[in-house]
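K.L.:
The following block contains the structure, expressed as structure tokens.
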Amino acid sequence: MRCLVRRVSHASVCLDKQVIGEIGKGLLVYLGIETGDQAGDMSWVLKKLLGMRVFDDSEGKMNESLTRDEGVLLISQFTLFGNLKKGTRPSFNRAAAPIDGRKMFEEFLHQLRMEFEGAVAVGAFGRHMEIEAVDDGPVSIWLDSRQRGY
Numbered sequence: 012m013r014c015l016v017r018r019v020s021h022a023s024v025c026l027d028k029q030v031i032g033e034i035g036k037g038l039l040v041y042l043g044i045e046t047g048d049q050a051g052d053m054s055w056v057l058k059k060l061l062g063m064r065v066f067d068d069s070e071g072k073m074n075e076s077l078t079r080d081e082g083v084l085l086i087s088q089f090t091l092f093g094n095l096k097k098g099t100r101p102s103f104n105r106a107a108a109p110i111d112g113r114k115m116f117e118e119f120l121h122q123l124r125m126e127f128e129g130a131v132a133v134g135a136f137g138r139h140m141e142i143e144a145v146d147d148g149p150v151s152i153w154l155d156s157r158q159r160g161y
């Protein structure tokens, strides 16, 4: 399971030109599900996501994690598993099949909403979306449950 996490001052997602989710200050999270991902991968990523200290404390140091005052915009993105090992056209063969990916994505979303008290917005799984974000920092963090030592 992979996540690209961006600290934002605002982010929104549109489907068919209609806003379907938006947050103010918080985290824009692109989540990719890999073939073979298990509950342990999901738990590890979720724990890291909710615990990462990427917000400034009163002294301006990145030392605070998400609070109920921030939000999370969760977007499914199988292209996080794209690779260019055999040329210039990306292969996504490591990404979970859509039916498996959707199931894991929905479980991740459910767990996120259970464990996080702030606003949670979500994109549309498997659909073409337009995402707008105003990065804050910028701060971007890469999480990969198969490379936990990174």
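Okay, so the sequence shown: first residue is 12 according to our numbering, each after it adds one.
Glycine included, C-beta positions come from ideal geometry on N, C-alpha and C.
#1: Between the beta-carbon of V131 and the beta-carbon of V83, is there less than 7 angstroms?
#2: Check the C-beta distance from E81 over to G37 and give it rounded, since I have them as a contact under 8 angstroms.
#3: Within a Cβ cutoff of 6 angstroms, which residues of the same chain sit near W113, ignoring the five residues on either side of it in sequence?
#4: Helix, strand or coil for F92? Go by DSSP, reduced to three states.
#5: Grouping DSSP H, G and I as helix and E and B as strand, with all else coil, what is D80?
#6: Drop a sphere of 10 angstroms on the beta-carbon of L77, count the other beta-carbons inside from all chains shown, and report buried for 16 or more, exposed for fewer.
P.N.:
The relevant details are as follows:
#1: Taking the first residue of the sequence shown as position 1, residue 131 is located at position 120. Taking the first residue of the sequence shown as position 1, residue 83 is located at position 72. In contact: V131 and V83 (Cβ atoms closer than 7 angstroms).
#2: Counted from its first residue, the sequence shown places residue 81 at position 70. Counted from its first residue, the sequence shown places residue 37 at position 26. Yes, E81 and G37 are in contact; Cβ-Cβ is about 4 angstroms, under 8 angstroms.
#3: In the sequence shown, the residue the question calls residue 113 occupies position 102. The residue asked about is misnamed: residue 113 is Arg in this sequence, not Trp. Same-chain partners within the cutoff: F136.
#4: Taking the sequence shown and counting its residues from 1, one reaches residue 92 at position 81. F92: helix per DSSP, three-state reduction.
#5: Your numbering for residue 80 matches position 69 in the sequence shown. Residue state, collapsed to three classes: coil.
#6: Taking the first residue of the sequence shown as position 1, residue 77 is located at position 66. Buried, by the Cβ-count rule.
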